[in-house]
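K.L.:
Got a structure for you, questions after.
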Amino acid sequence: MSEDARRALITGVTGQDGGHLAELLHDQGYEVFGLLRGQRNARKEAFEREFPYVHLVEADLTDQTSLIQAVITAEPHEIYNLGAISHVGYSFRNPQLTADITAKGVLNLLEAVRITGMAERTRFYQASTSEMFGGLDYNRPGNGYTEDSLFHPRSPYGVAKLYAHWIARNYRESYGMFVSTGILFNHEGERRGLEFVTRKISNAVAAIHLGHQDHVVLGDLHPKRDWGYAGDYVRGMWQILQHSEPDDFVLATGETHSIEEFLTLAFQEVGISDWRPYVRQDPAFMRPAEVDILLGDPTKAETILGWKREVDFPGLVKLMVQHDLRVLGQ
Ligand code: GDP
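Under this note's numbering, the residues of the sequence shown are numbered 26 to 355, in order.
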């Protein structure tokens, strides 16, 4: 371990944001540590090939002792807690596991920092989410949800993330710890998992264009999301922790688009002007409670941190479809 380098510990390092963030921190000269779960994690080898510079530390967000050990090993100046059950649909099928990891895991990690006496020197980033807002009729986003908008989560995932958000703020207020939260609206890209609707669509469009499949099965096409590019958002996470004070920041594009709009642009990217013949719907992909609309107002992050997203909605769709055409075409 180098004495001089700044050290960062990332939980959820094998996920979409973990990959983008590990790359960004490494480029900035950080020594990067990543938490890896399980006796034989299926993602380990591929991850090590892509990120040979990340020190992997075995630990589990539900296991307090392992987290204490991980914090002692990494001695991090910055912790980015990205580890979570992060899929809304999955959280309805596994609500207890979601609570254990997405909610209580944050408490376990905060306690690990406090117990080891690292609270003074370690800055802590908690990945909060727009799913905490809910998009209900009585709480529509107007010009965009802000850091002070009302919360009404609509899924076990959203409820667990709300606990995580508040326990993070509570540790800041109770113990004076440098704990910040980023309330991130949906962010996508070439590392997004196929279980999320944007990547499912970009992957299917590429496969249809290449003749590998003839349709894609989706759920509700009307919900609207504020979709940005994950690469822009991890830069925001880093900026949040470099700020002089711990605080809460919304990261969003300030635009909202329906799944139909995403479908339209994605199919246009391969020269198909009408997506309808290629899309079927199945209630299996619908949720017991839906979030109809999300729209964020990133004014605070733009003003205080100077953060600004670079990729716009058409740029995001293009980037994802072109990536999947390259990957599937090989
Ligand atoms: P979320 O906003 O975190 O739930 O991100 P997702 O990408 O999983 O879902 C975004 C929206 O797409 C939600 O309103 C889903 O109900 C809707 N949706 C429609 N069809 C699908 C599908 O086949 N898979 C997923 N994941 N979402 C779908």
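By construction, the Cβ of each residue, glycine as well, lies at the ideal position given by its N, Cα and C atoms.
Quick caveat: nothing in here was measured; it's all calculated off a predicted structure.
Can you tell me whether DSSP reads Arg305 as helix, strand or coil?
P.N.:
Counted from its first residue, the sequence shown places residue 305 at position 280. In the structure shown, Arg305 sits in a strand (DSSP, three-state: E or B).
K.L.:
Are there 16 or more other CB atoms within 10 angstroms of the CB of Lys333, so buried, or fewer, so exposed?
P.N.:
Locating residue 333 in the sequence shown gives position 308, counting from the first residue. The residue in question, Lys333, is exposed, as its Cβ has fewer than 16 Cβ neighbours within 10 Å.
K.L.:
Counting C-beta neighbours from all protein chains within 10 Å, is the total for Leu235 16 or more, i.e. buried, or is it exposed?
P.N.:
Taking the first residue of the sequence shown as 1, we reach residue 235 at position 210. Counting Cβ neighbours within 10 Å, Leu235 comes out exposed, since fewer than 16 surround it.
K.L.:
Output yes or no for whether 7 Å exceeds the beta carbon distance between Leu34 and Phe58.
P.N.:
Here residue 34 refers to the residue found at position 9 when the sequence shown is read from its first residue. Here residue 58 refers to the residue found at position 33 when the sequence shown is read from its first residue. Closer than 7 Å, so yes.
K.L.:
So what does DSSP say about Arg32, is it helix, strand or coil?
P.N.:
By one-based count along the sequence shown, residue 32 stands at place 7. Note: Arg32 maps to strand in three-state DSSP.
K.L.:
Is any non-hydrogen atom of ligand 2 found closer than 6 Å to the C-beta of Gly218, if you look at the structure I gave you?
P.N.:
Absence of ligand 2 from the depicted structure is noted, with ligand 1 being the only ligands included.
K.L.:
Go ahead and pull the three-state DSSP assignment for Tyr105.
P.N.:
Position 80 of the sequence shown, counted from the first residue, corresponds to residue 105. It is a strand residue.
K.L.:
Taking the CB atoms as reference points, tell me whether Thr123 and Pro181 lie closer together than 7 Å.
P.N.:
Position 98 of the sequence shown holds residue 123. Position 156 of the sequence shown holds residue 181. Taking 7 Å as the Cβ cut-off, Thr123 and Pro181 qualify as a contacting pair.
K.L.:
CA-CA distance, Ala326 and Glu215?
P.N.:
Position 301 of the sequence shown, counted from the first residue, corresponds to residue 326. Position 190 of the sequence shown, counted from the first residue, corresponds to residue 215. When rounded, the distance between both Cα atoms is 24 Å.
K.L.:
Out of Ala231, Asp29, Leu341, which has the shortest C-alpha to C-alpha gap to His102?
P.N.:
If you number the sequence shown from 1, residue 102 lands on position 77. Here the closest residue by C-alpha is Asp29.
K.L.:
Any heavy atom of ligand 1 inside 6 Å of the beta-carbon of Val222?
P.N.:
For the purposes of this step, residue 222 is taken as residue 197 along the sequence shown, with counting starting at 1. Val222 Cβ: within cutoff of ligand 1.
K.L.:
For Trp300, I'd like the list of residues in its chain whose CB is within less than 6 Å of its CB, leaving aside the five on either flank, ordered along the chain.
P.N.:
As a first step, residue 300 must be located in the sequence shown, where it is residue number 275. Excluding sequence neighbours, Trp300 sits near Leu288, Phe292.
K.L.:
Please say whether Ala84 and Thr127 have beta carbons closer to each other than 7 Å?
P.N.:
The residue given as residue 127 occupies position 102 in the sequence shown. The residue given as residue 84 occupies position 59 in the sequence shown. Not closer than 7 Å, so no.
K.L.:
Can you name, in chain order, every residue of its own chain whose Cβ lies under 7 Å from the Cβ of Tyr200, other than the five neighbours on each side?
P.N.:
For the purposes of this step, residue 200 is identified with residue 175 of the sequence shown, where counting begins at 1. Once the five neighbours on either side are set aside, the close Cβ partners of Tyr200 are Arg139, Ala144.
K.L.:
Given the structure, does Pro248 come close to ligand 1, in the sense that its CB is under 6 Å from one of the ligand's heavy atoms?
P.N.:
Here the question's residue 248 lines up with position 223 in the sequence shown. Yes, the beta carbon of Pro248 sits closer than 6 Å to at least one heavy atom of ligand 1.
K.L.:
So is Arg305 buried or exposed if we call it buried at 16+ other beta carbons inside 10 Å?
P.N.:
As a working mapping, residue 305 is identified with position 280 in the sequence shown. Exposed, by the Cβ-count rule.
K.L.:
Can you tell me whether Ala89 is helix, strand or coil according to DSSP?
P.N.:
For this step, residue 89 is matched to residue 64 along the sequence shown. This sequence places Gln at residue 89; Ala is not what is there. Three-state DSSP puts Gln89 in a helix.
K.L.:
Using a 10 Å radius around the Cβ and a threshold of 16 neighbouring Cβ atoms, would you call Arg74 buried or exposed?
P.N.:
Numbered from its first residue, the sequence shown carries residue 74 at position 49. Result: exposed.
K.L.:
Should Leu86 and Gly63 be called a contact, given that it needs their Cβ atoms to be closer than 7 Å?
P.N.:
Counting from one through the sequence shown, the residue named residue 86 turns up at place 61. Counting from one through the sequence shown, the residue named residue 63 turns up at place 38. No. Outside cutoff.
K.L.:
If you draw a straight line from the C-alpha of Gly207 to the C-alpha of Gln238, how long is it?
P.N.:
In the sequence shown, counting from the first residue as 1, residue 207 sits at position 182. In the sequence shown, counting from the first residue as 1, residue 238 sits at position 213. One C-alpha to the other measures close to 38 Å.
K.L.:
Less than 6 Å between the CB of Asn164 and some heavy atom of ligand 1, yes or no?
P.N.:
On the sequence shown, residue 164 is found 139 positions in, with the first residue counted as 1. Result no, Cβ not under 6 Å from ligand 1.
K.L.:
For the beta strand (DSSP E) containing Glu56, list its first residue and its last residue.
P.N.:
Here residue 56 refers to the residue found at position 31 when the sequence shown is read from its first residue. That run of the beta strand (DSSP E) goes 56 to 61.
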